[in-house]
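Asker: Start counting the sequence shown at 0; every next residue gets the next number (numbering that gives the first Met the number 0).
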Amino acid sequence: MSEPIFQSYQFGASEKAQLDSDGHFVFPSLLTESAREKLIESLSKVNALDQNLDPIPQRYSAEYDEFLASVIAHPQMLELARSVLGPDVRYDHCVDLSRAGSSPAMGWHTHAYSDDNPELGFIRIFFYVNGFNSGDGSLRAVPGSHLFRQNMRNNSDDGLRAEYLDDKTHPQTGDPLEIEELHAPPGTVIVMWTHALHAVAPRRPESPTRWAVVYAFRNPGSPSHARWVTPHFESNPPTGAEGLMSLY
Ligand SMILES: O=C(O)CCC(=O)C(=O)O
Ligand SMILES: [Fe+2]
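(1) Tell me whether A200 is buried or exposed, calling it buried when 16 or more other Cβ atoms sit within 10 Å of its Cβ.
(2) Which of helix, strand or coil does DSSP assign to N218?
(3) For N218, is the classification buried or exposed, using 16 other Cβ atoms within 10 angstroms of its Cβ as the cut-off for buried?
(4) Going by alpha carbons, who is nearest to Y214 out of N153, D95 and D157?
(5) For the beta strand (DSSP E) holding V83, just list the boundary residues, first then last.
(6) Just the C-alpha distance for P207 and P103, rounded to the nearest angstrom, thanks.
(7) Closer than 6 Å by C-beta to S41: which residues in its own chain qualify, once you throw out the five before and the five after it? Chain order, please.
(8) Within 7 Å: the Cβ of H23 and any heavy atom of ligand 2?
(9) Do the stretch 172–189 and the stretch 134–141 touch if we need at least three Cβ pairs shorter than 8 Å?
(10) So, with DSSP's three-state summary, where would you put H145?
(11) Looking only at its own chain, which residues have a Cβ that is under 6 Å from the Cβ of L164, when we skip the five neighbours before and after it?
(12) For ligand 1, is there any heavy atom lying closer than 7 Å to the beta carbon of V70?
(13) Quick one: does L146 have its CB under 8 Å from some CB of chain D?
(14) Under a Cβ-count criterion, where at least 16 other Cβ atoms within 10 Å of its own Cβ denotes burial, should T238 be classed as buried or exposed?
(15) Report the start-end ranges of each beta strand (DSSP E) in the stretch 139–183 that is 3 residues or longer and not cut off at the edges.
(16) Closer than 6 Å by C-beta to K15: which residues in its own chain qualify, once you throw out the five before and the five after it? Chain order, please.
(17) DSSP on I189, reduced to helix/strand/coil?
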């Protein structure tokens with residue numbers, strides 16, 4: 000039995016419907032204290048590695064740390080991924096998203112996957128290990144934007160509105176598309192459909208490092224450009240991850 004990484008939570012039909020309508024769902028303070036401690040230790044280690052190594056530690060983080068690797072097929076992780084994607088899932092990548100004080104903003108973007116076939120889903124499961132306050136290394140999102148399954152990219156809020164948001168409405172509710180500022184107490188997990196527009200606010204200079212990591216899972220069936228799995232990791236998967244590592 001693995002030690003729990005999540006506290007108990009509710010993710011039933013209405014929560015799933017909210018995820019599907021908004022494009023993201025926030026689980027405040029979901030990570031256990033023990034998982035948070037281990038994640039900070041693991042992320043500190045990966046962060047301190049020479050990023051010129053091959054494969055790049057930041058991008059292939061689980062391949063450099065046993066605890067990060069063990070989370071891929073942790074029963075609670077698979078249960079969460081499958082409650083969104085259904086039973087047939089593959090691991091796609093695990094990226095260290097730690098951001099030191101003064102880290103710059105990350106512009107608005109979406110991630111492509113099976114753009115023409117919404118039957119094949121791709122989710123990002125973000126762990127905000129020590130959380131964030133709005134406007135300080137925070138995740139920002141545009142509810143409803145994932146339903147367009149479209150490549151969208153812009154470095155400013157005004158540019159994003161002018162180029163993409165102003166002439167669109169939420170396909171299900173008819174509401175205008177608007178930027179949402181998220182807030183995440185320590186241990187928050189956020190699940191996001193990969194086609195959702197998202198951006199990251201700059202980290203304030205006086206703030207400590209924002210410890211965070213993303214695990215991405217998808218339904219197999221389409222090529223994945225984001226898939227960062229070395230052949231060695233694919234053929235030597237962490238315990239329980241057999242069957243999750245292949246592209247198809
Ligand atoms: O660092 C973050 O909070 C989000 C990073 C991001 O855009 C991603 O992993 O897709
Ligand atoms: Fe992203």
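All C-beta atoms in this analysis are idealised placements derived from N, C-alpha and C, irrespective of residue type, glycine included.
Answerer: Judging by the given coordinates:
(1) The residue you call residue 200 lines up with position 201 of the sequence shown. Result: buried.
(2) Position 219 of the sequence shown, counted from the first residue, corresponds to residue 218. Coil, per DSSP.
(3) Position 219 of the sequence shown, counted from the start, is the residue given in the question as residue 218. Burial call: buried.
(4) One-based indexing of the sequence shown puts residue 214 at position 215. The shortest Cα separation from Y214 among N153, D95 and D157 belongs to D95.
(5) Here the question's residue 83 lines up with position 84 in the sequence shown. Run containing V83: none in the beta strand (DSSP E); it sits in the alpha helix (DSSP H), P74 to L84.
(6) Taking the first residue of the sequence shown as 1, we reach residue 207 at position 208. Taking the first residue of the sequence shown as 1, we reach residue 103 at position 104. The straight-line gap from Cα to Cα measures roughly 14 Å.
(7) By one-based count along the sequence shown, residue 41 stands at place 42. Excluding positions up to five away in sequence, the list reads D64, F66 and L67.
(8) Taking the first residue of the sequence shown as 1, we reach residue 23 at position 24. The answer is no for H23.
(9) yes
(10) Indexing the sequence shown from 1 puts residue 145 at position 146. Correct three-state label for H145: helix.
(11) Looking up residue 164 in the sequence shown gives position 165. So the list reads L176, once near-sequence residues are dropped.
(12) As a first step, residue 70 must be located in the sequence shown, where it is residue number 71. No, since every heavy atom of ligand 1 falls outside the 7 Å radius drawn around the Cβ of V70.
(13) The structure shown contains no chain D, having only a single protein chain.
(14) If you number the sequence shown from 1, residue 238 lands on position 239. Per the 10 Å Cβ criterion, exposed.
(15) none
(16) In the sequence shown, counting from the first residue as 1, residue 15 sits at position 16. Excluding residues within five positions, none has a Cβ falling inside 6 Å.
(17) Translated into the one-based positions of the sequence shown, residue 189 becomes position 190. Three-state DSSP puts I189 in a strand.
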